[in-house]
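One structure is given below, encoded as structure tokens.
2 protein chains.
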Amino acid sequence: MPLDERKKQVLHAIVDDYVSTNDPVGSKALIERHNFNVSSATLRNDMAELEKLGYIEKPHTSAGRIPSDRGYREYVDSLMTVERLTDEEQEEIKSRIDTSIDEVTDLIKNATQTLSETTGFVSLSMSPRLRKSFLTQLKILMIEPGKALVLMVLSAGVVKDKIVRIPSYVTDEQIIKISSSIEKHLTGKPLDEITLITVESSVDNIEIPQPLLKQVIYEAYSAIKQADELNIYLEGEHRMLELPDFSTMGRARELLGTLSDSSMVAGYVNEIAGDDTPNDGSYMIRIGQEITLNGLEDCSFITATYNLTDSISGNIGIIGPKRMEYSKVISQIDFVTTTLNENIKKLN
Amino acid sequence: MPLDERKKQVLHAIVDDYVSTNDPVGSKALIERHNFNVSSATLRNDMAELEKLGYIEKPHTSAGRIPSDRGYREYVDSLMTVERLTDEEQEEIKSRIDTSIDEVTDLIKNATQTLSETTGFVSLSMSPRLRKSFLTQLKILMIEPGKALVLMVLSAGVVKDKIVRIPSYVTDEQIIKISSSIEKHLTGKPLDEITLITVESSVDNIEIPQPLLKQVIYEAYSAIKQADELNIYLEGEHRMLELPDFSTMGRARELLGTLSDSSMVAGYVNEIAGDDTPNDGSYMIRIGQEITLNGLEDCSFITATYNLTDSISGNIGIIGPKRMEYSKVISQIDFVTTTLNENIKKLN
DNA sequence: ATTAGCACTCGAACTCTTGGAGTGCTAAAT
DNA sequence: ATTTAGCACTCCAAGAGTTCGAGTGCTAAT
Numbered sequence: 153m154p155l156d157e158r159k160k161q162v163l164h165a166i167v168d169d170y171v172s173t174n175d176p177v178g179s180k181a182l183i184e185r186h187n188f189n190v191s192s193a194t195l196r197n198d199m200a201e202l203e204k205l206g207y208i209e210k211p212h213t214s215a216g217r218i219p220s221d222r223g224y225r226e227y228v229d230s231l232m233t234v235e236r237l238t239d240e241e242q243e244e245i246k247s248r249i250d251t252s253i254d255e256v257t258d259l260i261k262n263a264t265q266t267l268s269e270t271t272g273f274v275s276l277s278m279s280p281r282l283r284k285s286f287l288t289q290l291k292i293l294m295i296e297p298g299k300a301l302v303l304m305v306l307s308a309g310v311v312k313d314k315i316v317r318i319p320s321y322v323t324d325e326q327i328i329k330i331s332s333s334i335e336k337h338l339t340g341k342p343l344d345e346i347t348l349i350t351v352e353s354s355v356d357n358i359e360i361p362q363p364l365l366k367q368v369i370y371e372a373y374s375a376i377k378q379a380d381e382l383n384i385y386l387e388g389e390h391r392m393l394e395l396p397d398f399s400t401m402g403r404a405r406e407l408l409g410t411l412s413d414s415s416m417v418a419g420y421v422n423e424i425a426g427d428d429t430p431n432d433g434s435y436m437i438r439i440g441q442e443i444t445l446n447g448l449e450d451c452s453f454i455t456a457t458y459n460l461t462d463s464i465s466g467n468i469g470i471i472g473p474k475r476m477e478y479s480k481v482i483s484q485i486d487f488v489t490t491t492l493n494e495n496i497k498k499l500n
Numbered sequence: 153m154p155l156d157e158r159k160k161q162v163l164h165a166i167v168d169d170y171v172s173t174n175d176p177v178g179s180k181a182l183i184e185r186h187n188f189n190v191s192s193a194t195l196r197n198d199m200a201e202l203e204k205l206g207y208i209e210k211p212h213t214s215a216g217r218i219p220s221d222r223g224y225r226e227y228v229d230s231l232m233t234v235e236r237l238t239d240e241e242q243e244e245i246k247s248r249i250d251t252s253i254d255e256v257t258d259l260i261k262n263a264t265q266t267l268s269e270t271t272g273f274v275s276l277s278m279s280p281r282l283r284k285s286f287l288t289q290l291k292i293l294m295i296e297p298g299k300a301l302v303l304m305v306l307s308a309g310v311v312k313d314k315i316v317r318i319p320s321y322v323t324d325e326q327i328i329k330i331s332s333s334i335e336k337h338l339t340g341k342p343l344d345e346i347t348l349i350t351v352e353s354s355v356d357n358i359e360i361p362q363p364l365l366k367q368v369i370y371e372a373y374s375a376i377k378q379a380d381e382l383n384i385y386l387e388g389e390h391r392m393l394e395l396p397d398f399s400t401m402g403r404a405r406e407l408l409g410t411l412s413d414s415s416m417v418a419g420y421v422n423e424i425a426g427d428d429t430p431n432d433g434s435y436m437i438r439i440g441q442e443i444t445l446n447g448l449e450d451c452s453f454i455t456a457t458y459n460l461t462d463s464i465s466g467n468i469g470i471i472g473p474k475r476m477e478y479s480k481v482i483s484q485i486d487f488v489t490t491t492l493n494e495n496i497k498k499l500n
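Those protein sequence lines, which keep their order, are chains A and B. Counting from 153, one number per residue, gives the positions in the first sequence under the working numbering. Counting from 153, one number per residue, gives the positions in the second sequence under the working numbering.
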């Protein structure tokens, strides 16, 4: 049974009021603050109904109501309207984003910081998933005997490198040979199509002792694979302590404890980013219990997608209390992401 | 007036008890827990004296005493004895340190994490100060038109690189020329002796248009300078929330807020690392108000020095509550640092 | 379907009380 | 000159009790 118009308004109002006051909202307060042309008793009936349907709940018998996860979900999906930021707000964000940065990763970091500052929440960004990008250059450079640098340039203009250990008697010439041979065969290949076998077969007819060759190749391969790893960057954890929602030590502790395990968070973000294909290419939301990470039951995740190229993208977003101004936060994320994308384009 | 023997013992006992119980300690409790062969009244007199001298203080009239910053300082400087860790504790630490890591920065990170885990406090490491290290290789590699990678290998075996923008009409050959010319002249020079002028003069007689050359050189120079920047790595901030010392939101907020500004912390650590020349090459301590960072009035800093080479070193240490088991923590830091140094050596 | 009225609930905030651990001081003992 | 026993005093922490107000659900009337 779909909600009738007034019930929708009531739910909308409850979410708005609760978000702004942080107090459970009661029927009387609702009447005072909004122009329902009915009495509080009527609202009480509506609220009882909304509770039965699972949209709102009461912390205890004689308190007002607060939105449940489902209530927030309904609000986000069908009730709210996302407004554009005002010109001032846009200006504010733009001014914080440093346009002089010329390395993509720094650019993304900068946008992430901006996001945390403007929302007041934890922000995060995930490195682009590079499995679809392809190698444009691969060089192995001798650093000193026993130590080499594998340097890769990927299609997105991303540069990755890794120091690898090699047998100390491998010579400069041998490395150069191996390097150019691998490069010749692998250039243009997507990262996820490169396997140990591909790498090995790319150096077929080189007159270098097998075991030695094997080891160098293995190191080169693992360097390539490492370039494909997920990287997450979290920013502004301490801001969570400012929020009344986490003003009890227990909650705060659990939350920051979980966030400190960044690879766990990364895994989760990656998961939800894969789940939804963002409808209009915009944002994905997870609310409260929908989040499977420990200690984030009172949080919401909102992530958007930024693009390095048409096919290579990463995520940027926030983790905030589920009691947040979704409309505003979404438009902030949206604007930051848009600005970020523009700046990335300018770099190419 | 130096403290007489019993007063020293009293102060020692007060610090020990307060650290382990987190309760202000009174004369009776002291008698109960320690073998002073005097009455509580005598201890009361001693305590009054110690208070007059500024070693201890009372939170309020009818509470026990707690050590003042000065009291901790006395304890650390002259009272405590640093014990070796037990074999089990050493084993514990060793097992957490991953010996298979083969990149120095990862090694340091790993040691820092271990330090936070074993102490339960925030740990930190500062990248080595590289100004004294010298260039062993410098290459500029073309990535794509308009984009190049400056790659530096420093004497300590450290590899640094930076993507730089260059005019898009600079050709591969030109870059190679510039690169090898800079490398030839700069190899062997300590970082802090490299100025823009040095770099410029190293490419004196190259037949490349001046303005273009200038820009490439400037970028190369700034890449070199960037390699010399201080980098700090902080780990385990969330653990501070577990401590009773920061169980009030206000303190916790302020603390984490300050720690979130890592460049500020870096600046401070650098400062104190420069202040003291560690006597026996071991650790430096700052207690309570001695720390000039906001919100760290109830903390102590302990840092030690790790060495990449004889002349190149960085810092590793912890930030914990000033109410900590100094003796134990110091030996933990000491052991982690020793282990780290050993592992670094193994890499060379 | 809506509303007025009413009895009932429950937590937040306050006050009050009590108990215990601590102190400083004084006067006697060593 | 130290040390100690004794005592009056202080003050916080914790628990118990009280009050207050915003909320609720239900019923009967509109």
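A virtual CB, placed ideally from N, CA and C, is assigned to each residue, including glycine. Since the model is a prediction, treat every value here as computed from it, not as a measurement.
* To do: With DSSP collapsed to three states, give me the class of Glu296 (chain B).
  => Note: Glu296 (chain B) maps to strand in three-state DSSP.
* the region 390 to 409 of chain B: which residues have C-beta closer than 7 angstroms to a C-beta of chain A, in chain order? -> Listed in chain order, the positions of the region 390 to 409 of chain B with a beta carbon within less than 7 angstroms of a beta carbon of chain A are His390, Leu393, Glu394, Ser399, Met401, Ala404, Arg405, Leu408 and Gly409.
* Comparing alpha-carbon positions, which option in B:Asp462, B:Leu448 and B:Lys498 lies nearest Val274 (chain B)? -> For the residues B:Asp462, B:Leu448 and B:Lys498, the minimum Cα distance to Val274 (chain B) belongs to B:Leu448.
* **Within chain A, the residues that Ile315 (chain B) reaches when beta carbons sit closer than 7 angstroms** => Within chain A, the residues near Ile315 (chain B) are Glu255 and Val311.
* Please classify Val190 (chain A): is it buried, with 16 or more other beta-carbons within 10 angstroms of its beta-carbon, or exposed? => Exposed, since its Cβ has fewer than 16 Cβ neighbours within 10 Å.
* Asked: What residues in its chain sit with their C-beta under 8 angstroms from that of Gln193 (chain A), if we drop five residues either side in the sequence?
  -> The sequence shown places Ala at residue 193 (chain A), not Gln. So the list reads Ser179, once near-sequence residues are dropped.
* Among the residues of its own chain, which have a CB less than 6 angstroms from the CB of Tyr420 (chain A), if the five just before and after it don't count? -> So the qualifying residues of the chain are Leu445.
* With DSSP run on the structure shown, which of helix, strand or coil describes Ile514 (chain B)? -> Only positions 153 to 500 of chain B appear in this structure, which leaves residue 514 (chain B) out of reach.
* Output yes if chain B places a C-beta closer than 9 angstroms to the C-beta of Leu303 (chain A); else output no. => Yes, Leu303 (chain A) lies at the interface with chain B (some Cβ there is under 9 angstroms from its Cβ).
* Asked: DSSP three-state call for Asp250 (chain A): helix, strand or coil?
  -> Under the three-state reduction of DSSP output, Asp250 (chain A) falls in the coil class, being neither helix nor strand.
* If we ignore side chains and look at the alpha-carbon of each, how far apart do Asp198 (chain A) and Gly388 (chain B) end up? -> Looking at the two C-alpha atoms, the distance is approximately 48 angstroms.
* Does the region 167 to 176 of chain B touch the region 490 to 497 of chain A, meaning 3 or more C-beta pairs lie closer than 8 angstroms? -> At 8 angstroms Cβ cutoff, the stretches do not touch.
* Asked: At a Cβ cut of 8 angstroms, what residues of the region 235 to 247 of chain B count as close to chain A, listed as they run along the chain?
  -> Using a CB distance below 8 angstroms, no part of the region 235 to 247 of chain B faces chain A.
* If I'm right that Leu267 (chain B) touches Ile470 (chain B) with Cβ under 8 angstroms, what's the distance once you round it to whole angstroms? => Contact flag correct, Cβ pair sits at about 6 angstroms.
* Asked: From the beta carbon of Leu411 (chain B), is the nearest beta carbon of chain A less than 9 angstroms away?
  -> By this cut-off, Leu411 (chain B) is an interface position.
* Cβ-Cβ separation, Val310 (chain B) to Leu282 (chain B) (assumed contact under 8 angstroms), whole Å -> Taking a contact as a CB-CB distance under 8 angstroms, the pair Leu282 (chain B) and Val310 (chain B) counts as one, their CB atoms being some 7 angstroms apart.
* Under a CB-based cut-off of 9 angstroms, is Leu267 (chain B) close to chain A? -> Proximity of Leu267 (chain B) to chain A, defined by a Cβ-Cβ separation below 9 angstroms, is not satisfied.
* Can you find a C-beta in chain B that's less than 9 angstroms from the C-beta of Lys377 (chain A)? -> So, not an interface residue.
* To do: Can you grab the Cα-Cα spacing for the pair Leu411 (chain B) / Ile245 (chain B), in whole Å?
  => Cα to Cα, Leu411 (chain B) sits roughly 25 angstroms from Ile245 (chain B).
* Asked: Hey, would you say Phe487 (chain A) sits closer than 9 angstroms to Leu237 (chain A), going by beta carbons?
  -> Yes.
* **Interface residues of chain A facing Ile346 (chain B) [CB-CB closer than 7 angstroms]** => At a beta-carbon threshold of 7 angstroms, none of the residues of chain A lie near Ile346 (chain B); the nearest stands roughly 20 angstroms away.
* Asked: Would you say the region 327 to 343 of chain A touches the region 292 to 304 of chain A, given that touching needs at least three Cβ pairs under 8 angstroms?
  -> Touching, yes, given that three or more Cβ pairs across the two stretches are closer than 8 angstroms.
* Asked: Which residues, in chain order, does the region 282 to 302 of chain A contribute to contact with chain B at a C-beta distance below 8 angstroms?
  -> So the close ones are Thr288, Gln289, Lys291, Leu293, Ile295, Glu296, Lys299 and Leu301.
* Applying the criterion that 16 or more other CB atoms from any shown protein chain within 10 Å of the CB defines a buried residue, is Asp356 (chain B) buried or exposed? -> Burial state of Asp356 (chain B) is exposed, judged by a 10 Å Cβ sphere holding fewer than 16 other Cβ atoms.
* Does the beta carbon of Gly388 (chain A) come closer than 9 angstroms to any beta carbon on chain B? -> Interface residue, yes.
* To do: Between the Cα of Gln289 (chain A) and those of A:Tyr207, A:Met304 and A:Ser279, spot the shortest distance and give me the residue it belongs to.
  => It is A:Met304.
* Mapping DSSP to helix, strand and coil, what is Thr264 (chain B)? -> Looking at Thr264 (chain B) - three-state DSSP - the assignment turns out to be helix.
* Mind pulling the alpha helix (DSSP H) runs of 4 or more residues that sit fully within the region 312 to 364 of chain A? -> For the region 312 to 364 of chain A, whole alpha helix (DSSP H) runs of length 4 or above, ordered along the chain, are 324 to 338 and 348 to 353.
* Asked: Within this structure, are the beta carbons of Asn467 (chain A) and Ser277 (chain A) separated by less than 9 angstroms?
  -> The answer is yes: Cβ separation under 9 angstroms.
* Starting from the C-beta of Asp368 (chain A), find all residues in its chain whose C-beta is less than 6 angstroms away, skip the five residues before and the five after it, and write them out in chain order. => The residue you asked about is not Asp; residue 368 (chain A) is Val in the sequence shown. For Val368 (chain A), same chain residues with a beta-carbon under 6 angstroms away, outside a window of 5 residues either side, are Ile318 and Ile330 in chain order.
* Asked: Does the Cβ-Cβ distance between Tyr373 (chain A) and Ile346 (chain A) come in under 9 angstroms?
  -> Cβ distance < 9 angstroms, so Tyr373 (chain A) and Ile346 (chain A) count as in contact.
* When the Cα atoms are used, what is the spatial distance from Pro280 (chain A) to Leu408 (chain A)? -> Cα to Cα, Pro280 (chain A) sits roughly 25 angstroms from Leu408 (chain A).
* To do: Apply the 10 Å Cβ neighbour rule to Ile437 (chain A) and answer buried if 16 or more other Cβ atoms are within range, or exposed otherwise.
  => So Ile437 (chain A) counts as buried.
* Got a sec, what are the start and stop residues for the beta strand (DSSP E) Leu276 (chain B) sits in? -> Judged by DSSP secondary structure, Leu276 (chain B) falls within the beta strand (DSSP E) whose first and last residues are Val274 to Met278.
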